[in-house]
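From first to last, the protein sequence lines are chains A and B. Numbering follows the numbering used here, in which position 65 of the first sequence is assigned residue number 65; successive positions increment by one, without gaps. Numbering follows the numbering used here, in which position 23 of the second sequence is assigned residue number 175; successive positions increment by one, without gaps. Glycine residues also receive a C-beta, built at the ideal position from the N, C-alpha and C atoms.
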Amino acid sequence: MKAIMKNPLFFAFLCFCLCATCVAPAIGGDALNVTIEVIRADPESTVIDPKLEDLAKELRPVLNYTGFTMVKECKVRLIRDEERTVMLSSGRLLKLHFMGFEKKEARLIVGIMEKDREIFRTTLLLVDKGNILIGGPAYETGVLLLRIGARF
Amino acid sequence: MDLSCVLDEIEKQVELKTPLWERMKKSILQPKIWLPAAALTAAAVLVFFAAPFPSGQATVEKSRVESVYSNGTVMVLQTPESSRPLIWVIPAPQEGEAT
Chain A
1 MKAIMKNPLF FAFLCFCLCA TCVAPAIGGD ALNVTIEVIR ADPESTVIDP
51 KLEDLAKELR PVLNYTGFTM VKECKVRLIR DEERTVMLSS GRLLKLHFMG
101 FEKKEARLIV GIMEKDREIF RTTLLLVDKG NILIGGPAYE TGVLLLRIGA
151 RF
Chain B
153 MDLSCVLDEI EKQVELKTPL WERMKKSILQ PKIWLPAAAL TAAAVLVFFA
203 APFPSGQATV EKSRVESVYS NGTVMVLQTP ESSRPLIWVI PAPQEGEAT
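#1: Would you say A:Gly-100 reaches chain B, if we count a Cβ-Cβ gap shorter than 7 Å as a contact?
#2: By how many angstroms is the C-alpha of A:Arg-147 removed from the C-alpha of A:Asp-54?
#3: Using a Cβ cut-off of 7 Å (strictly closer), state whether B:Ser-235 contacts chain A.
#4: Are the C-beta atoms of B:Pro-245 and some chain A residue less than 7 Å apart?
#5: Can you give me the Cβ contacts of A:Gly-111 inside the same chain, cut-off strictly under 7 Å, excluding the 5 residues immediately before and after it?
#6: For B:Phe-201, I'd like the list of residues in its chain whose CB is within less than 8 Å of its CB, leaving aside the five on either flank, ordered along the chain.
#7: Which whole-angstrom value describes the C-beta separation of A:Thr-141 and A:Asp-42, a residue pair presumed to lie in contact below a C-beta threshold of 8 Å?
#8: Would you verify that the beta carbon of B:Thr-231 is, or is not, closer than 7 Å to some beta carbon of chain A?
#9: Can you name, in chain order, every residue of its own chain whose Cβ lies under 7 Å from the Cβ of A:Lys-157, other than the five neighbours on each side?
#10: Kindly list, in the order they appear in chain B, the residues whose Cβ is closer than 7 Å to that of A:Arg-121.
#11: Decide if A:Leu-144 is buried, meaning its Cβ has at least 16 other Cβ atoms within 10 Å, or exposed.
#12: Can you tell me which of B:Pro-245, B:Asp-160 and B:Ser-219 puts its alpha carbon nearest to the alpha carbon of B:Leu-238?
#13: Is there contact between the segment 157-172 of chain B and the segment 190-199 of chain B, where contact requires at least three CB pairs shorter than 8 Å?
#14: When you compare only the Cα positions, how much space is there between A:Glu-73 and A:Ile-79?
#15: Measure the C-alpha to C-alpha separation of B:Ala-194 and B:Lys-184 and round it to an integer number of angstroms.
#16: Quick check on A:Tyr-139: buried or exposed, where buried means 16 or more other Cβ atoms within 10 Å of its Cβ?
#17: Is the Cβ-Cβ distance between B:Ile-242 and B:Thr-225 less than 7 Å?
#18: Alpha carbon to alpha carbon, what distance is there between B:Asn-223 and B:Val-197?
#19: With DSSP as the reference, label B:Ser-222 as helix, strand or coil.
#20: If I measure Cβ to Cβ from B:Gln-209 and keep anything under 7 Å in the same chain, skipping five residues before and after, which residues do I get?
#21: For B:Trp-240, which residues in chain A fall below 7 Å Cβ to Cβ?
#22: Against B:Lys-214, what residues of chain A qualify as contacts under a CB-to-CB distance less than 8 Å, listed in chain order?
#23: Would you call the CB atoms of A:Gly-67 and A:Val-47 closer than 7 Å?
#24: Would you decide whether A:Ala-150 is buried or exposed? Buried here means 16 or more other CB atoms lie within 10 Å of its CB.
This is the structure:
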């Protein structure tokens with residue numbers, strides 16, 4: 001016992017266990033960090049938000065929109081089975097429901113409510129640092145585009 | 153009778169009876185113990201938590217769409233460059249709304 005206690009490896013192991021106990025929940029855990037970018041895609045404008053240049057470059061050839069403006073960006077942290085609502089525009093809400101992790105993916109239910117009526121719902125399997133795009137609903141002179149990203 | 157042997161034995165016995173925590177504290181305070189221990193811990197923490205694990209094959213995993221519902225029309229597409237999912241929704245006009 002005395003010999004074990006004088007062994008640096010023994011102390012290294014003790015310290016590592018202590019660090020793992022403190023650091024591991026902070027790094028991973030059961031939480032999902034969701035970033036929601038609310039974007040207005042406009043067919044008449046040519047203004048592109050510097051933050052959206054990569055997106056504009058990719059979408060311009062496929063969609064008939066030339067202007068991309070960031071309307072709002074919000075980050076939410078969800079734990080398993082938690083539901084959260086984000087205001088998109090007047091009378092339009094985004095509902096998020098995190099169902100939990102499956103292998104390397106996070107299952108997230110995303111719904112859009114318009115005047116208390118669900119117009120759209122999808123179940124997404126998001127990878128770490130991955131994102132998906134949802135677009136279409138009319139917004140001012142263009143359409144609403146949502147970029148939903150996940151980190152865990 | 154070898155007195156030094158007897159004294160050694162007594163010393164050993166006394167040391168064994170000191171509490172475990174006291175013995176640990178005594179050991180921790182020795183730099184030759186905690187210095188390598190600290191270095192090893194730092195290396196282990198770095199390897200397990202901070203450094204990204206290089207994967208043999210660079211497989212880029214993509215987010216997926218499992219299901220979609222809309223009261224109007226919905227299309228699930230992919231962006232041309234990054235192949236990320238793009239869901240295009242055309243909601244149904246509300247009652248009394250002009251089409």
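Let me spell this out:
#1: If you number the first sequence from 1, residue 100 of chain A lands on position 100. Cβ-Cβ to chain B under 7 Å: no for A:Gly-100.
#2: Taking the first sequence and counting its residues from 1, one reaches residue 54 of chain A at position 54. Taking the first sequence and counting its residues from 1, one reaches residue 147 of chain A at position 147. Cα to Cα, the separation comes out at about 12 Å.
#3: Reading the second sequence from its first residue, position 83 is the one you call residue 235 of chain B. Cβ-Cβ to chain A under 7 Å: no for B:Ser-235.
#4: As a working mapping, residue 245 of chain B is identified with position 93 in the second sequence. B:Pro-245 does not count as touching chain A.
#5: Start at 1 with the first residue of the first sequence, and residue 111 of chain A comes out as number 111. Lys-95, Glu-118, Phe-120 and Arg-121.
#6: Working through the second sequence from its first residue, we reach residue 201 of chain B at position 49. Here the set comprises nothing.
#7: Working through the first sequence from its first residue, we reach residue 141 of chain A at position 141. Working through the first sequence from its first residue, we reach residue 42 of chain A at position 42. At roughly 6 Å, the Cβ-Cβ gap stays under 8 Å, so A:Thr-141 and A:Asp-42 are in contact.
#8: Within the second sequence, residue 231 of chain B is the residue found at index 79, counting from 1. It does; some Cβ of chain A falls within 7 Å.
#9: Within the shown structure, residues of chain A are numbered from 1 to 152, placing residue 157 of chain A beyond reach of any answer.
#10: Here the question's residue 121 of chain A lines up with position 121 in the first sequence. Under the 7 Å cutoff, chain B gives Tyr-221.
#11: Within the first sequence, residue 144 of chain A is the residue found at index 144, counting from 1. Answer is buried; the Cβ neighbour count reaches 16.
#12: By one-based count along the second sequence, residue 238 of chain B stands at place 86. Considering only alpha carbons, the answer is B:Ser-219.
#13: no
#14: Translated into positions along the first sequence, residue 73 of chain A becomes position 73. Translated into positions along the first sequence, residue 79 of chain A becomes position 79. One C-alpha to the other measures close to 20 Å.
#15: Position 42 of the second sequence, counting from 1, holds the residue named residue 194 of chain B. Position 32 of the second sequence, counting from 1, holds the residue named residue 184 of chain B. When rounded, the distance between both Cα atoms is 16 Å.
#16: Translated into positions along the first sequence, residue 139 of chain A becomes position 139. Burial call: buried.
#17: For the purposes of this step, residue 242 of chain B is taken as the residue at position 90 of the second sequence. For the purposes of this step, residue 225 of chain B is taken as the residue at position 73 of the second sequence. Closer than 7 Å, so yes.
#18: Within the second sequence, residue 197 of chain B is the residue found at index 45, counting from 1. Within the second sequence, residue 223 of chain B is the residue found at index 71, counting from 1. Cα to Cα, the separation comes out at about 51 Å.
#19: Position 70 of the second sequence, counting from 1, holds the residue named residue 222 of chain B. In this structure, B:Ser-222 counts as strand in the three-state DSSP scheme.
#20: In the second sequence, counting from the first residue as 1, residue 209 of chain B sits at position 57. Low confidence applies to B:Gln-209: its pLDDT is 48, below 50, so where it sits in the model is not reliable enough to give any reading.
#21: In the second sequence, the residue the question calls residue 240 of chain B occupies position 88. Those within 7 Å of B:Trp-240 in chain A are Gly-135 and Gly-136.
#22: Taking the first residue of the second sequence as 1, we reach residue 214 of chain B at position 62. Here the neighbours are Val-127 and Gly-130.
#23: Here residue 67 of chain A refers to the residue found at position 67 when the first sequence is read from its first residue. Here residue 47 of chain A refers to the residue found at position 47 when the first sequence is read from its first residue. Against a cut-off of 7 Å, the Cβ pair of A:Val-47 and A:Gly-67 comes out as a contact.
#24: Working through the first sequence from its first residue, we reach residue 150 of chain A at position 150. By the neighbour-count rule (16 or more Cβ atoms within 10 Å), A:Ala-150 is buried.
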